[in-house]
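Enquirer: Residue numbers (my numbering), protein chains in the order written: chain U, 31 to 145; chain F, 520 to 636.
Take this structure first; my questions come after.
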């Protein structure tokens with residue numbers, strides 16, 4: 031299984047809502063990532079988890095809260111978002127050899143609209 | 520600092536014509552290089568990668584890329600484009616250790632490929 035799955039595919043939420051994005055992989059990867067992608071732009075890294083521990087937070091506002099319950103799952107909890115947070119949110123995973131570079135496998139993304 | 524430049528924002532080619540998408544990188548050591556493709560509203564799919572060895576790498580869907588250290592380039596090529604190749608293409612460089620564990624990817628701004636029938 032070389033697939034990264036993400037749910038939901040689409041999400042519309044108000045600025046006062048709380049919602050969560052989910053990501054799952056069964057490739058035995060130990061590094062997982064959240065990216066944000068605005069239209070016609072490359073993905074921007076938000077968070078990296080390595081062996082279920084948060085290793086990188088790219089100065090993301092606290093209204094985004096990541097969680098890695100186990101090595102296969104990655105969540106992104108959303109609260110009090112702003113309209114400018116509307117974007118495609120991509121999850122990715124890769125091997126983690128604690129020193130090497132490996133290709134990242136991306137999920138299909140969640141299209142988030144904040145009203 | 521590491522960076523990736525894709526000079527062409529948008530390229531249009533006729534179906535059946537050859538394709539070359541340009542990518543230049545800035546990186547102090549031997550780079551780890553990737554090409555990804557993204558169809559509208561979809562995730563990124565890895566086309567090919569270069570880590571070391573043969574400088575001409577073959578990927579999926581008939582794509583290939585050539586690493587040229589002297590030119591700091593990693594251009595993507597395809598001899599005959601199909602209409603289904605219309606998409607956004609991103610070149611990326613692996614930025615080395617980051618936080619002591621997994622390396623990060625730095626993406627170029629992307630090149631949008633349109634295919635004329």
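Every residue, glycine too, gets a C-beta built ideally from N, C-alpha and C.
#1: What does a CB cutoff of less than 7 angstroms around residue 626(F) pick up in its chain, not counting 5 residues either side in sequence?
#2: In this structure, how does DSSP classify residue 74(U) when only helix, strand and coil are distinguished?
#3: Using a Cβ cut-off of 8 angstroms (strictly closer), state whether residue 617(F) contacts chain U.
#4: Please list the residues of the region 552–573 of chain F that have a C-beta atom closer than 8 angstroms to any C-beta atom in chain U, keeping them in chain order.
#5: Please classify residue 545(F) as buried or exposed, where buried requires at least 16 neighbouring CB atoms within 10 angstroms.
#6: Within the same chain, show all residues whose beta-carbon is closer than 7 angstroms to that of residue 76(U), passing over the 5 residues directly before and after it, in chain order.
#7: May I ask you to report which of helix, strand or coil DSSP gives residue 589(F)?
#8: Tell me the start and end of each unbroken beta strand (DSSP E) in the region 548–609 of chain F that is at least 3 residues and wholly inside, in chain order.
#9: If you draw a straight line from the alpha carbon of residue 143(U) to that of residue 573(F), how long is it in whole angstroms?
Expert: Checking against the coordinates, here is how it stands:
#1: On the second chain, residue 626(F) is found 107 positions in, with the first residue counted as 1. The residues are 523, 609, 611.
#2: By one-based count along the first chain, residue 74(U) stands at place 44. Reduced to three states, the DSSP call for residue 74(U) is strand.
#3: As a working note, residue 617(F) is residue 98 in the second chain. Legend: pLDDT at residue 617(F) = 46, less than 50; position of this residue unreliable, value from coordinates given subsequently. True, the Cβ-Cβ gap to chain U drops below 8 angstroms.
#4: 553, 555, 560, 561, 562, 563, 564, 565, 568, 570
#5: If you number the second chain from 1, residue 545(F) lands on position 26. Residue 545(F) should be labelled exposed.
#6: Here the question's residue 76(U) lines up with position 46 in the first chain. The answer, listed in chain order, is 64, 65, 66, 88, 90, 94.
#7: In the second chain, the residue the question calls residue 589(F) occupies position 70. Looking at residue 589(F) - three-state DSSP - the assignment turns out to be helix.
#8: 551–557, 563–569, 575–577, 583–587, 592–597
#9: The count along the first chain starts at 1 and reaches residue 143(U) at position 113. The count along the second chain starts at 1 and reaches residue 573(F) at position 54. Going by the C-alpha atoms only, they are around 44 angstroms apart.
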